[in-house]
Amino acid sequence: EMSTIGQATMERIDRGLAERSIGLLDAPVSGGVVGERAGRLICFVASPRERFLAIEPALRGLSDRLFHVGDRPGQAQVLKVANNMMNSANLVLAIEMVLMAKRAGIDESTAIEVINVSTGRSRATEETFKAQILNHEFNTGVRLNIISKDVGLAIEQARAFGVEHSAALAAAELWKAADRHGFGEVDVSHIYHYIAGDDVKTARTRVNRDGGHP
Numbered sequence: 041e042m043s044t045i046g047q048a049t050m051e052r053i054d055r056g057l058a059e060r061s062i063g064l065l066d067a068p069v070s071g072g073v074v075g076e077r078a079g080r081l082i083c084f085v086a087s088p089r090e091r092f093l094a095i096e097p098a099l100r101g102l103s104d105r106l107f108h109v110g111d112r113p114g115q116a117q118v119l120k121v122a123n124n125m126m127n128s129a130n131l132v133l134a135i136e137m138v139l140m141a142k143r144a145g146i147d148e149s150t151a152i153e154v155i156n157v158s159t160g161r162s163r164a165t166e167e168t169f170k171a172q173i174l175n176h177e178f179n180t181g182v183r184l185n186i187i188s189k190d191v192g193l194a195i196e197q198a199r200a201f202g203v204e205h206s207a208a209l210a211a212a213e214l215w216k217a218a219d220r221h222g223f224g225e226v227d228v229s230h231i232y233h234y235i236a237g238d239d240v241k242t243a244r245t246r247v248n249r250d251g252g253h254p
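Our numbering applies: residue 41 is where the sequence shown begins, and numbers increase by one.
Below, the structure is given as structure tokens:
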């Protein structure tokens with residue numbers, strides 16, 4: 041199972057399949073549509089090691105990097121939602137701070153160039169900001185409501201483990217607010233327009249005007 045569905049759901053599937061003598065590999069991937077196009081998907085698997093080894097050749101055929109992260113289905117889900125939460129939080133934080141620099145009169149491209157050789161850099165600034173926002177593309181191929189779902193799963197997981205998650209919760213609330221305000225069905229990179237104070241209709245209009253994808 042390669043979906044991002046959370047630990048509890050994966051464990052329920054595992055129990056149901058085990059009753060039918062069917063083995064499950066919890067095998068989410070990271071990289072998104074951009075990673076798929078570039079041939080650099082990362083797959084990480086939680087399952088008994090002998091089960092992983094039996095299917096390893098097939099998994100290597102579909103992923104650039106492959107990891108066995110645990111013996112129990114559900115463990116890979118925890119790591120996947122942690123990864124997605126970090127990427128999503130990095131993106132909204134980067135947008136807020138670059139918009140702050142813009143308000144001070146600094147060109148956004150210059151701000152990103154400086155950040156990307158400084159300590160604030162992340163995938164959000166090195167890839168998403170440059171390829172999607174500065175270029176007015178807004179076309180990662182991922183709907184915003186998918187990210188809203190994933191960050192919600194991360195918060196549920198943190199609560200289940202009793203782990204401090206104040207920073208994650210603040211980022212998750214921003215994504216969920218964007219979803220509630222009509223951005224759920226548009227590309228995830230439109231979170232820039234939500235943070236900038238645009239409504240979804242204005243965001244679509246600006247993308248079409250600038251030559252990107254609606």
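Even for Gly, the Cβ is constructed at its ideal location relative to N, Cα and C.
DSSP three-state assignment for residue i, whether helix, strand or coil
i	result
A144	coil
R183	strand
I54	Before going on, a small fix: residue 54 reads as Asp here, not Ile. In the structure shown, D54 sits in a helix (DSSP, three-state: H, G or I).
G252	With a pLDDT of only 48 at G252, under the threshold of 50, the placement of this residue in the model should not be trusted; the figure read from the coordinates follows. Three-state result, G252: coil.
N156	coil
N175	coil
S61	coil
D238	coil
R161	coil
T41	Note that residue 41 is Glu in the sequence shown here, rather than Thr. The answer is coil: DSSP assigns E41 none of H, G, I, E or B.
H39	In the structure displayed, the chain extends from 41 to 254; residue 39 sits before or after that span and is not available.
G114	coil
A243	helix
A211	helix
G192	helix
Extent of the continuous beta strand (DSSP E) to which residue i belongs
i	result
L106	105-110
Endpoints, the alpha helix (DSSP H) within which residue i is located
i	result
F92	89-102
V74	72-78
A86	No alpha helix (DSSP H) holds A86; the beta strand (DSSP E) holding it covers 82-86.
C-beta neighbour in chain C for residue i, strict 8 Å
i	result
D219	Absent here is chain C; the protein component of the structure consists of one chain.
Bridge partners - residue i, DSSP secondary structure assignment
i	result
D219	Beta-bridge pairing links D219 to no other residue.
D66	A86
D227	R183
When the Cβ atoms of the segment 195-205 are set against those of the segment 221-235, are three or more pairs found closer than 8 Å?
-> no
Any 3 or more C-beta pairs closer than 8 Å across the segment 117-131 and the segment 44-57 | yes
Is the segment 50-70 touching the segment 91-101, taking contact as three or more C-beta pairs under 8 Å?
-> yes
Between the segment 183-191 and the segment 203-222, do at least 3 Cβ pairs fall closer than 8 Å?
-> By the Cβ criterion, the segment 183-191 is in contact with the segment 203-222, since at least three pairs of Cβ atoms, one from each stretch, lie closer than 8 Å.
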